[in-house]
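Report on the structure given below.
Residue numbers (our numbering), protein chains in the order written: chain A, 6 to 1131; chain B, 3 to 283; chain C, 12 to 500.
Here it is as structure tokens:
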């Protein structure tokens, strides 16, 4: 039997065409006993690394099996498709440059190649001309066959004519023609099967992919689908049989392979040279910078233990030859610091002493026991991993620096492979099956959460489908297969590849979605696997917030602080965190985090590290959270599964919480080698791809059981690794984040004015809307002032506050001694929807001593009336005596043609004088509040609910602030619910959260004029009242009040949709008393009572009977709909 | 034969036709056109030289030389229809009856398209029986909206007497719609020999490949052996119209022309014909 | 929004995913605006049963000019009631208001519970109008909102204030509409009614169901119509008979004449033929008489001066204007052909006069659909049944409806037939192409479907066949069967 290798294997990195993973292609080819496989994706090298790695990890070479790196060149000028395989490294570089040229010529995701491009890069390539011509432009004509001679001439002796026998309409004639053609041009004939899948069983999936690609349904796709399933890998015997009329073509596959010596392993990575500076070697440069940094960090002399650590780490770096990598990071960080851009490193090596000295991280290794070895191990041959976060608004500067320093030829963004998730898979498959839009939505809606594998039968039944219906069954099965398929390449948010020589000779470069960005075709795993340097330059909103906060502290308080010099370990900060008073604080502001805090009661930095890591899929899936909490609260003794694991789990009370710990368990307790553990981690990250997870599970669980561990514990550890896989959180990351947690908490605790102002100026970010941030600031004694044309700037700003007493919400009374702030926040123009920064800058620049009328502002700034209208809508003319309604009237009264020449000043002024008085009725306060929400998303005047309090009182609905005053006996853990008091509260829905990990429990946060309350909704209640829970914007919750360790929840039993009541808001003419009362509640200890604005006191004439339904709908739309999180 | 000869013959032919039309009973309203069967660009197709092109408004008959050649006869008839359709607008109306469609297969549009006939122009009438078929055929022949009318005479052959033939001939003459009948084999006998059909063709399948070629070749374009089977008055007037000669022709389905198959060795083909005659006898 | 939706907690403006979260069993149908418009147009059309002067009032209404017809229905209130009730019977929730100006009727139908507005000269109209929201003035949402923010929410707020400042800020059209609503001026934007100049009708207490009765009625109407035409010296070129079915459906039958005509018998005959033709194109109840028609109306929609001197000119115009059902390239031929198709269809049945429509599928027997020629209004796209040129045809000219079994000798697994026997004749294969493998459509669940391997085969005599082997040897079946599916030319 003659040997065979498929040289036209298309993987699913030829998106929506290939129906098998590259790994599957390799595995199948090996199983069929082929001598190799050539992965040739369409104008791309995106899939070859995976095939290569799979072969490497499965010892393919030992079986005499080779994976060839190549591509299927598809042209836009009518040239037939060509398989191109580089013979050696230089030829590979040319192929990569060829693809790069095609990529850069086309828009993102496309590649436009011309024959001339190939002609220029053909040296060293082995080519096989296919019979198809699948390029977009021209159909193959006589010209296409005419090209064959030209192609043959390009690479004498290196061109084959490919034939494939896939049971089409003219199989025999086709073969004869190819044979004649080959003869005529003196080319050898090469057998291929143009395989788009590894087995024929993938035909349904391949057909569905075609449907998705063409945007048609399976019933209408017709001849766009393949007529049969023949384009799969076939055994050598079968290929020989099919090609019995041209047996020489089979033998040529071996000759073709023999000509190729290139392997991806030859892409030895070389670090950029310029990092060395003036030093003779990278290591020397690094040592210099490290000691220089150490001297800066420890001006009073570097402590001995630090010296020892630095020496130790440098030795390790030298041994691993990682100096250049550290220098690269250092270079970028140095640039950022020079520009005043706040940054913070994280990742496996970021929290080393060297990195601290280099300024990559601000986590002081002397204060926190984080061992370098844990993050960088000689066993792993991959480069260390350092991600650097930058202020999100200024990261672009850093990226441009990298481009400028290394040039676009040497620096590019790494790719991210966007893969089908269960949800998107069922959506696309459903569409291809022609399910109605809403059935598709319903089906994909059954998939919650980050990681859930397939669509669940019971879920399908719940939404009213029969999971046994054959077509649906098929769709679900195909969707399951599709899950994990790459869908397209996207740019990684900030991962950079930097090379010494031309980057486009290492990997093809393509245009990214953003102009002026280019990405490579490989993602970070691919780059890791080939040992290519990458560095993540990420954007982090909180860093912007903190930098703005530091700036404000410098400007208004004369404090010059940095992340490193922040007063560390202040007790009041931890106390604040322990009270879950963390709105706006980095990472720990979500409901889930906040409910954890009072139980965890963090008291030192490492507690924050744990806090950051614990509310993650890994620990939750592994059921590690509650054991840890119980141990922490002293409800359960600390014990270790075994003595050998005490070292691993010591810091986390015997419960594995970090990714490293789970990996370590696999090594220590299950007998994995370090590289196996690493393989396991990677397998998880690209889960369910090759079906090897089952073997890992067995190995781990059995391995641990064999060493005497409980099976349950082993299973839990494995589940945890599964959870990490998709959303891993190693300790070093957590440590870096914890620093930002502390910094933001410190700022919030000490200078709530600065914090709120900085946070609002860094929006959009985080969990909460500006309304909640302002409210929280006010509760911490910060005065918030209305946006105003004569006072505001684009950004929110701090103004001196002349009040001499701090007005705190009673809840925050314990902080009285710790709050140091003394400024008010003036809301900035940026909060107004629909105004542009440039316009507002102009307004500020021309303000002089202030504007005295709408017309004055208009004439001086020349801003268009629509901009003025936006300002009026935002009620920003109060300082010139106009409320929203009057200001709008005045703006509308300006000549609206916008052409100033046709408006002599005097004439329009004259007209203005002559205009009869319109006698407008004053806008009722409730409507003002609604309008505030409409245009600013927040209102400083009053809380909407305050206007409705009288009605709520009648319904015996409590204020949220009253909840902690409801008498409850100190509740024991798991008290029977009937012993708990039953209460009702009402408020606007802020957040609904249904974490995938919480077994269908939904958390709802509502807000009234006195504060927020949290409701827990069990699935049963949720199902019964779904409509209200999800649809309502204003809702009343009735249920049992639960107070566990200071965390107050209402366990919901019943909901009432009060949304229609909001319709009354804009009609609340006589509700001024309600407003006054709301104010009272909000500022109970305010000394100088601010008068309610006069305009609000002007009593509105009773307005005519309401068209209530209309109004309610109107207002409903304005009010925030509540943000949904998973 | 010389070019001068042939052009003279064409002129003569045209005159003859004009005479016939003049003498018609005033039902003749359509102008007769002549459509060449072969490509005007190539050297004259032998049929054109012999017949001077196909006249519109006339009746044509096609029959297979044996039962198994029915599909070939149909293909040839469709070739004629395609020639007419190429030179005039209008539909190709195809009449067939239930029995014939069942027995011999019904027109298959994708195949028609490949045969050089635009299926979008085909209107297919499928009658329940022979009576209806003849009625429909006459209606169709009378209609001025057709570029050509084709009929599978199969089940209606028995009913197709001289009267019917005359009616259809007249209808075709009046409307100008060329009408092509596909007969069952061996129906050009007896009295029917004298019906008003302008021309009759007897068609035999011919191999498209050389015999005993190895390895086994793939089938090529349609090859037919065609014999003019119209002895009698008109034929007598036409010199050189040999009713015994079987010419092997090819239908160029891509361009829609007939052409002589000169390249193929004839002995094998004529041998096949003898066998065919033996079969049909 | 109907009551059910409201009870479920749905509201307009909800996103679908939200709505679904609220009511998971929700069946969402994409808003088919075209269908909605069609339905609305249908309703407006139906309204013409009450008065020919009825027009679509987009986006959501219809406007009827009922001047002088209310007595037919027992007064305004009764008419309004009847319209609403009849609509309800058709499953349409409609609100009907009657007022002396279109603007007021528009506003009352949408924004008020009062259905019969007082006449425009009455004070009470002003009182009622004052309480309507400003949106009743047909203002765009932006203007309504802007007015609202100025505290001008109801028409009264605007009406009682000085006009100049408001007009300067929100446009003078507000007042134009307001004045029109109050009957003080004529509206610039009221719906345009177009009604044929010549129109006659009969109303019946009970639905008329018999074809003869309809024909007789149309005959009688034609008499009346021709009388009218004669008085004006005109003849009809286009006519329309409208049959209003009791349950709301409306059937229009159009007829054209080649020259201006006012011969009642000719017109009646024209419609008789059309009615018959209608009977032929639909095999079941052709006119779909259902509960019968209770209003039959005949209108001349296009007339021309019937002056003998123009006859020649008219004739010529007819020839060029001729349109036909079968859109072949040449107009005149097409007309003939359409006639032929009708004649053949009439006698043989429309399902026997067919045209071929390409179907996009690999399965040969499904690749074409024969459709009654009468149902195809336009020529199929040229270039249909596309194929790769260059080879001998790969599809036969004749296809057997049922593939005929043959006995064939071939090698396994997928070798070509070497010899086969069909209809008692043995064929020695001389040339082959294949196999062309066509796998069954896996998504269709035809349980027994097997993969087919098609072969184009030429025997030693030059006969060309399309054979297939059914079932993949080994995986699908142990004994594949052979069939002949078609014949090549």
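Even glycine gets a Cβ: it sits at the ideal position worked out from N, Cα and C. Computed from a predicted model, the values in this text were never measured in an experiment.
Query	Result
Quick one: which unbroken beta strand (DSSP E) runs of 3-plus residues sit fully inside the region 114–202 of chain A? Chain order, please.	130–134, 164–169 and 194–197
Determine, for residue 154 of chain B, whether the minimum Cβ-Cβ distance to residues of chain C falls below 7 Å.	no
Give the range of the alpha helix (DSSP H) segment to which residue 801 of chain A is assigned.	Counting along the chain, residue 801 of chain A falls outside any alpha helix (DSSP H), and DSSP gives it neither H nor E.
Can you give me the C-alpha to C-alpha distance between residue 190 of chain A and residue 158 of chain A, rounded to a whole angstrom?	10 Å
Chain B partners of residue 478 of chain C, CB-CB under 9 Å?	Chain B residues near residue 478 of chain C: none, gap ~12 Å exceeds 9 Å.
Using a Cβ cut-off of 7 Å (strictly closer), state whether residue 262 of chain B contacts chain C.	no
So, for residue 472 of chain A: in the same chain, excluding its five sequence neighbours on each side, which residues have a beta-carbon less than 8 Å away from its beta-carbon?	462, 465, 466, 478 and 481
By the criterion of Cβ-Cβ separation under 9 Å, what are the contact partners of residue 220 of chain B in chain A?	175, 177, 178 and 181
Which of helix, strand or coil does DSSP assign to residue 433 of chain A?	helix
With 16 other CB atoms within 10 Å as the buried threshold, where does residue 960 of chain A fall?	exposed
Mapping the DSSP letters down to three states, classify residue 108 of chain B as helix, strand or coil.	strand
If you scan the region 17–102 of chain A from start to end, which runs of the alpha helix (DSSP H) of 4 or more residues do you find wholly inside it?	27–36 and 53–62
Do we get a CB-CB distance below 7 Å when we pair residue 926 of chain A with the residues of chain C?	yes
If I'm right that residue 126 of chain C touches residue 108 of chain C with Cβ under 8 Å, what's the distance once you round it to whole angstroms?	5 Å
Kindly list, in the order they appear in chain C, the residues whose Cβ is closer than 8 Å to that of residue 223 of chain A.	454
Since residue 578 of chain A contacts residue 751 of chain A with CB under 8 Å, what's their CB separation in whole angstroms?	5 Å
Is there a Cβ from chain C that is less than 7 Å from the Cβ of residue 269 of chain B?	Any reading at residue 269 of chain B must be qualified, since the residue scores a pLDDT of 38, below 50, and its modelled position is unreliable; the value itself is stated next. For residue 269 of chain B, the answer is no, since every Cβ of chain C falls outside 7 Å of its Cβ.
So for residue 227 of chain C, helix, strand or coil by DSSP?	helix
Name the chain A residues whose beta carbon is nearer than 7 Å to that of residue 161 of chain C?	890, 893, 894 and 925
Take the Cβ of residue 756 of chain A as the centre, count every other Cβ of all protein chains shown within 10 Å, and call the residue buried at 16 or more, exposed below.	buried
How would you label residue 1083 of chain A, buried or exposed, when you count the other beta carbons within 10 angstroms and need 16 or more for buried?	Note that residue 1083 of chain A scores a pLDDT of 32, beneath 50, so its modelled location is shaky and nothing firm can be said.
Given a threshold of 16 other Cβ atoms within 10 Å of its Cβ, counted over all protein chains shown, does residue 206 of chain B qualify as buried or as exposed?	buried
Which residues in chain C have a C-beta closer than 7 Å to the C-beta of residue 106 of chain B? List them in chain order.	409
Report the neighbours of residue 217 of chain B on chain A: residues whose CB is nearer than 8 Å to its CB, in chain order.	250
Given a cut-off of 7 Å on the beta-carbon distance, is the pair residue 170 of chain C and residue 141 of chain C in contact?	yes
Can you have a look at residue 456 of chain C and say buried or exposed, based on whether 16 or more other CB atoms are within 10 angstroms of its CB?	exposed
When we look at the beta-carbon of residue 326 of chain A and count the other beta-carbons within 10 Å, is it buried (16 or more) or exposed?	exposed
What span of residues does the alpha helix (DSSP H) with residue 592 of chain A cover, start to end?	From DSSP, residue 592 of chain A is part of no alpha helix (DSSP H); its letter is neither H nor E.
Using a Cβ-Cβ cutoff of 8 Å, what residues of the region 170–188 of chain C are near chain E? List them in chain order.	As a matter of chain content, chain E is missing from the structure shown, whose protein chains are A, B and C.
Look at the alpha carbon of residue 529 of chain A and the alpha carbon of residue 87 of chain A, and state the distance between them as a whole number of angstroms.	29 Å
Name the two residues that bound the continuous beta strand (DSSP E) containing residue 218 of chain C.	209–219
In the DSSP assignment, find the alpha helix (DSSP H) that holds residue 141 of chain C and state where it starts and stops.	134–141
For a contact meaning CB atoms closer than 8 Å, what does residue 77 of chain B contact in chain C?	408, 499 and 500
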